[in-house]
Structures are given as structure tokens and as C-alpha cells.
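Q:
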Amino acid sequence: MYIHLWSVQVVFMFSERFIRYIKFEKRYSPHTVLAYQSDLDQFFNFLNNPDKKVPAPEAVITHPSQITHHHIRNWMVEMMGDQILARSINRKIATLRKYFKFMLQEGVIEINPASKITTPKIPKNLPVIVEDTRLTAMLDENIVFSKDFAGLRDKLVMEMLFGTGMRLSELLGVKETDINAYEGTVKVLGKRNKERIIPVNNELKLLLSEYLELKKNQNFGNNSLILIVTDKGADAYSKLIYLIVQKYLSYISTQNKKSPHVLRHTFATSLLNRGADLNAIKELLGHANLSATQIYTHNSVERLKSIYKQAHPKA
Numbered sequence: 001m002y003i004h005l006w007s008v009q010v011v012f013m014f015s016e017r018f019i020r021y022i023k024f025e026k027r028y029s030p031h032t033v034l035a036y037q038s039d040l041d042q043f044f045n046f047l048n049n050p051d052k053k054v055p056a057p058e059a060v061i062t063h064p065s066q067i068t069h070h071h072i073r074n075w076m077v078e079m080m081g082d083q084i085l086a087r088s089i090n091r092k093i094a095t096l097r098k099y100f101k102f103m104l105q106e107g108v109i110e111i112n113p114a115s116k117i118t119t120p121k122i123p124k125n126l127p128v129i130v131e132d133t134r135l136t137a138m139l140d141e142n143i144v145f146s147k148d149f150a151g152l153r154d155k156l157v158m159e160m161l162f163g164t165g166m167r168l169s170e171l172l173g174v175k176e177t178d179i180n181a182y183e184g185t186v187k188v189l190g191k192r193n194k195e196r197i198i199p200v201n202n203e204l205k206l207l208l209s210e211y212l213e214l215k216k217n218q219n220f221g222n223n224s225l226i227l228i229v230t231d232k233g234a235d236a237y238s239k240l241i242y243l244i245v246q247k248y249l250s251y252i253s254t255q256n257k258k259s260p261h262v263l264r265h266t267f268a269t270s271l272l273n274r275g276a277d278l279n280a281i282k283e284l285l286g287h288a289n290l291s292a293t294q295i296y297t298h299n300s301v302e303r304l305k306s307i308y309k310q311a312h313p314k315a
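Counting in our numbering, the final residue of the sequence shown is number 315, and the numbers go up one at a time with none missing.
1) Go ahead and pull the three-state DSSP assignment for Val186.
2) Rounded to the nearest angstrom, how far is the Cβ of Thr266 from that of Tyr296, given a contact under 8 angstroms?
3) Using only the alpha-carbon positions, how far apart do Leu243 and Ser146 sit?
4) Among residues of its own chain, excluding the 5 on either side of Leu290, which ones have a beta-carbon nearer than 8 angstroms to its beta-carbon?
5) Can you check DSSP and say which residues form a bridge with Arg167?
6) Just grab the DSSP bridge partners of Lys175 for me.
7) In the DSSP assignment, the alpha helix (DSSP H) including Glu195 goes from what residue to what residue?
8) Going by C-alpha to C-alpha distance, which of Thr119, Glu176, Thr177, Ser15 sits closest to Glu106?
9) Would a C-beta distance cut-off of 9 angstroms place Ile117 and Arg97 closer than the cut-off?
10) Based on the DSSP secondary-structure assignment, which residues constitute the bridge partners of Asn180?
11) Less than 9 angstroms separating the beta-carbons of Tyr251 and Asp154?
12) Just to confirm the assignment, what range does the alpha helix (DSSP H) spanning His69 have?
13) So the candidates are Leu204, Phe43, Asn202, Leu172; which of them puts its Cα closest to the Cα of Leu317?
14) Residues in its own chain within less than 8 angstroms of Ile89 by CB, not counting five upstream and five downstream?
15) Can you say whether Lys309 is buried or exposed, counting buried as having 16 or more other CB atoms within 10 angstroms of its CB?
16) How big is the Cα-Cα spacing for Asn273 and Gln294?
17) Nearest to Gly233 by CA position, among Asn219, Lys191, Arg27, His31, is which residue?
18) From Tyr36, Phe46, Thr32, Phe102, pick the residue whose C-alpha is nearest to that of Ser65; which is it?
19) Given Arg192, which residues of its chain have a CB within under 6 angstroms of its CB, disregarding the five upstream and five downstream residues?
20) Determine the direct distance from the alpha carbon of Pro113 to that of Arg73, and round the result to whole angstroms.
21) Can you tell me whether Thr164 is buried or exposed, with buried defined as 16 or more other CB within 10 angstroms of its CB?
22) Distance check for Thr68 and Thr62, CA to CA, integer angstroms please.
23) For Ile109, count the other beta carbons within 10 Å of its own beta carbon; 16 or more makes it buried, fewer makes it exposed. Which is it?
24) What are the residues that DSSP puts in a beta bridge with Asp235?
25) Between which residues of its own chain and Met166 is the CB-CB distance below 6 angstroms, once the five residues before and five after are set aside?
26) Between the alpha carbons of Lys23 and Ser306, how many angstroms are there, rounded?
27) Let me know the secondary structure DSSP gives Leu5 once reduced to three states.
28) Since I believe Ser209 is in contact with Ala181 (beta carbons under 8 angstroms), could you give me their beta-carbon distance rounded to a whole number of angstroms?
29) For His298, does the three-state DSSP call read helix, strand or coil?
30) Can you check which of these residues, Tyr28, Ile19, Asn49, is closest to Leu40 by C-alpha distance?
Here it is in C-alpha cells:
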């Protein structure tokens, strides 16, 4: 029996050109560049898989202009079949849109095949938070943190994420020189390489001073200027921060989601619940527009409903 094996040879030089563009001209963060590269690799691997019937087995793709919206839709169908979340699918399709838009600008293609794609709707989920009073009590009591360098480092990670609302990628990029002890601020490099200044509370200032002194006395060989480092002095990495956050949130929460972003959500919700202006929260979080910040108002409304049900005689 004759079996037609459809193989696709995508010219990877075009994706490499795109990656150089977002890395050096658009100056996207290393984390974002890596995500874009991963999305493109997954799409091209899908096209190169001979088991996929997309959409014309006899056609061998040797140029981006041969990719159609049918290829992209079939990829979406496969991802949905693999139970990949709609949010993740939309991000991957957004990568393709940006990639083909660049190809269009460069004159490599004449039609953007991603322009016809309709992405799945994302269910609106409230940001996952932890109870800030329990979190604050754990940090203030200081019982769960060991008395060595690792323990102080772990506490600083938790205090920085909850006390400033910065993203994981931003925390990993903070250098010692970004800390202004006199002004009581920390400078972070956010998305699209946009810098912003975040105030730090007095307790966090003291913790930073204590940590920096202890870090200097560790006599690490590389003398990294990155603020958060491993037990051996190497620059911290994403997995380490995740493990730290999961470990300490497990002391105060039984919810499944225990990520650095939960602390960012808790930071924003706590400010809003205590009367902070939404525009001020937007600036602290580094959001590009107010709509991204408004999601935290839903948590506040839910909190008010809960209080009403508990306290009002007619509830």
C-alpha cells in the first residue's frame, strides 16, 4: 500500500531574521524572545510532522508565502485537541501574527495568513490571590525562614514580590545598583524594556540592607551584581523563584496555584481594597493601559459582596 508522507521544509532563516528583529531592534526581554522562539519552533515542527494532513499533502513548503491560514487553523485544532488552554493558544497565534506582519513589512510575503484567524475566547477568571493578613503575619513572624543566607534570600524574594508587585522576570533582572536606599525605591525593567521606579517600605529597606551585607560576606567567587542569587552565588533563575514561592505559600494556603504572579495579584488587590487609586496601581504594576488593571476591581467587588452577606441583616 502506498502511503504519501507529506514533509515540509520551512526556511528557518526567516524566523531567525524575525528573532533578531525583536531582540535587537524591538529590544524585547530575553524571556519574551525565548517565548516567541518557542512558539515559532512549535509551529514549524507541526508543519514538518508527516502525520499532519495540512492541508495539501502534495505541496512542499519552501517559503513563508506558501503558508496559509489553513495551516494555522489546523495547528489550533491540534492544540485544542491536546487540551492546551485558550490563553496559551492565543499567545501562540499572537506570535504568528507578529511574525507574518514582519514578513509582510520585509516584502517576504504579500498576504498575512494570520489575519484571517479568529482565536478562541478566553474565560474571564478572577486573579488568584492569598489572604494578605496571613501572608503578612508569616513574613512578620519570621519563623518559617532559616537563619542562614538561603533563608534570608527566600524571605527577600517573598517580600520583594509582595511588597512591590513586580513580575518574576523583573525580579530576576534587578541589580544591586537598582536599589536606592536613600530614596527608598527600586528600579525595574518591565515589558518592552520600559523602566519604572517602585517605592519600597521601611521593613523591606532594612531587609535589603541586611541581605546585601550578608551576600557580600559570603565571598561568592563570581561577585554577581544581580540582586537575587542561588546558594552558591550564581544568578537566580525562574525555577528557583517558583520553588521558593510554592514552599512558603504552602504554609498559609491550600490552593493549587502558588506562583510568583499570585503575590503580584495579592499586592494589587490589597492596595485596591485599602483605597489606592486605580491609576496609581497601574503605574506600580507597569501596565500599558488601565484595562489590564481593572481586573482587580472584580476581586474587590467580590470582597464587598462577602462582607455584605456576612454583616447585613437583609443579606
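Cβ atoms here follow ideal geometry from the backbone N, Cα and C, with glycine treated the same way.
Computed from a predicted model, the values in this text were never measured in an experiment.
A: The answer reads as follows:
1) strand
2) With a Cβ gap of about 10 angstroms, Thr266 and Tyr296 do not count as contacting.
3) 15 angstroms
4) Leu278, Asn279, Lys282
5) According to DSSP, Arg167 bridges with nothing at all.
6) Ile226
7) Per DSSP, Glu195 belongs to no alpha helix (DSSP H); it is in the beta strand (DSSP E), 195 to 199.
8) Ser15
9) yes
10) Thr185
11) no
12) 69 to 81
13) Outside the displayed span of the chain (1 to 315) sits residue 317, for which this structure offers no information.
14) Met76, Met79, Met80, Thr119, Pro120
15) exposed
16) 13 angstroms
17) Asn219
18) Phe102
19) none
20) 10 angstroms
21) buried
22) 13 angstroms
23) buried
24) Val229
25) Val188
26) 47 angstroms
27) Bear in mind that a pLDDT of 36 at Leu5, under 50, signals an unreliable position, so the model cannot answer this.
28) 7 angstroms
29) helix
30) Ile19
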